[in-house]
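A.B. asks: Right, I'll just put the structure down here and ask away after.
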Amino acid sequence: MIETERLILRRWREDDRPAFHAICADPQVMDWLGGVLTPGEADLRLARVEETFDRLGYGRFCVERRADGRVLGWCGVMPAHESQPIAGTPEIGWRLIPEAWGQGYATEAAAAVLADAFHRLGLPEVWAYTSPHNLKSQAVMTRLGLTR
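Residues in the sequence shown are numbered consecutively from 1059, following my numbering.
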């Protein structure tokens, strides 16, 4: 678990499953991520996240707002998917509900995840990958100090 001023980043719980399904079914959230997922597809993604946590000790954390316990999305590091140019390397990513956009939550969560990846996990590098048209994610990457 990682805590920031406004967020708790933790492993997913069974009672988070409806929130995970909703995030994966939201067209705005999934716009740059290949389209919405069915509940079954979302369950497969969540199983992969949990398997990665168990195997490597890191993965996509559930992002919970401290003030009210609301699940805002996820953020974390996982090995990049084989379809990506950076396949297999540690990749940071985030996915937040639209109501959480524009409030600094993605940057706050990602900065905490990067610090954890380098300090606790000792990863030598972490990559980020996004569409050239996804300007919001590019802005988060810039605020984090990531370079091309």
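Every residue gets a Cβ at the ideal spot worked out from N, C-alpha and C, and that includes glycine.
1. For Glu1108, name the three-state secondary structure that DSSP assigns.
2. Excluding five sequence neighbours on each side, which residues of the same chain lie with their C-beta closer than 7 Å to the C-beta of Leu1202?
3. Beta-carbon separation of Leu1065 and Tyr1163 under 8 Å?
4. Rank Pro1190, Ala1125 and Met1199 by C-alpha distance to the C-alpha of Glu1063 and give the top, closest one.
5. Please classify Met1136: does DSSP put it in a helix, a strand, or coil?
6. In the DSSP output, which residue or residues are listed as bridge partners for Ile1060?
7. Rounding to the nearest angstrom, what Cα-Cα distance links Ala1100 and Ile1081 in this structure?
C.D. replies: Here's the rundown:
1. For Glu1108, the secondary structure class from DSSP, reduced to helix, strand or coil, is helix.
2. Around Leu1202, the same chain offers Thr1165, Ala1168, Ala1169 and Leu1172 as residues with beta carbons nearer than 7 Å, after the five sequence neighbours per side are excluded.
3. yes
4. Residue Ala1125 is the option with its Cα nearest to Glu1063.
5. strand
6. Leu1067
7. 9 Å
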